[in-house]
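Student:
Residue numbers (the UniProt record's numbering): 1 to 258.
(1) Compute the distance between the beta-carbons of residue 102 and residue 49, then report whether it is under 7 Å.
(2) State the Cα-Cα distance for the pair residue 116 and residue 39, rounded to the nearest angstrom.
(3) Is any non-hydrogen atom of the ligand HEM found closer than 6 Å to the C-beta of residue 108, if you look at the structure I gave you?
(4) Measure the Cβ-Cβ separation of residue 99 and residue 147 and say whether it is below 7 Å.
(5) Cβ atoms of residue 91 and residue 70: under 7 Å apart, would you say?
(6) With 16 as the cutoff for other CB atoms within 10 Å, does residue 84 come out buried or exposed?
(7) Using the rule of at least 16 other Cβ atoms within 10 Å of the residue's Cβ for burial, across every protein chain shown, is residue 22 buried or exposed?
(8) With DSSP as the reference, label residue 158 as helix, strand or coil.
(9) Going by C-alpha distance, which of 122, 75, 129 is nearest residue 54?
(10) Taking the C-alpha atoms as reference points, what is the distance between residue 123 and residue 109?
(11) Within the continuous alpha helix (DSSP H) that includes residue 195, where are the two ends?
(12) Go through its chain and collect everything with a Cβ distance to residue 127's Cβ below 8 Å, but skip five positions before and after it.
(13) Please check the pair residue 63 and residue 133, which I expect to be a contact at CB under 8 Å, by giving their CB distance rounded to whole angstroms.
(14) Taking the CB atoms as reference points, tell me whether residue 114 and residue 106 lie closer together than 7 Å.
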């Protein structure tokens, strides 16, 4: 199996003639490097990107951990993804979990305690020659919830601003606005006549009101205001006797007999 030349991790730091010795050291593996993207176009132009060489391409990225079991297999000239050897070792290792040649390769960093017990740690993927670290699920949920809260808050702010523009006023200005609205309102007599006609037609269609039920025997209804007024008027007419005219109402005059 043909592999690319390997550079020991300390060779670049100790050799001043090594290209890139002046560059800053990459962050230690295992930290959050989701904002980093690695791509080596010179390597991609020199070697094909397939399942046999993709690990060598991943090993030159800052995501690679030189203390993993795969590096020990590379030193012994064994394929670094040979599961028959990795299953017999314990510690940190990289496994190729998904492959869609030549576009997508997914690496899973995991800790092996026994041939059967494996604990996943991080996930990396190679997409069209660019290497990324996949975010953790908790970070994805936090980002989605934060984005949803942002849009909800923005919607409430927009609704509040529109309500203020429509006609929301403070309590101090309610009286002035009400007076101005009343002054601007006009009465439409056509609408008033139209409503009168509608109410009159509905009144004609309704049946007449039934008479009230009779009072039981021996029950004296309480006097109402109208009854009291009528009785007082009747008593007033009876008490007021018209004055007698002494000339008209005395009868024929009496004549003396001779």
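Note that CB positions come from ideal geometry on N, CA and C, so glycine has one too. Quantities reported herein were computed from a predicted structural model and do not represent experimental measurements.
Tutor: From the atom records:
(1) yes
(2) 34 Å
(3) Among the ligands in the structure shown, none appear at all, so the ligand HEM cannot be discussed.
(4) no
(5) no
(6) exposed
(7) Any reading at residue 22 must be qualified, since the residue scores a pLDDT of 42, below 50, and its modelled position is unreliable; no value is offered.
(8) helix
(9) 129
(10) 6 Å
(11) 189 to 205
(12) 103, 104
(13) 6 Å
(14) no
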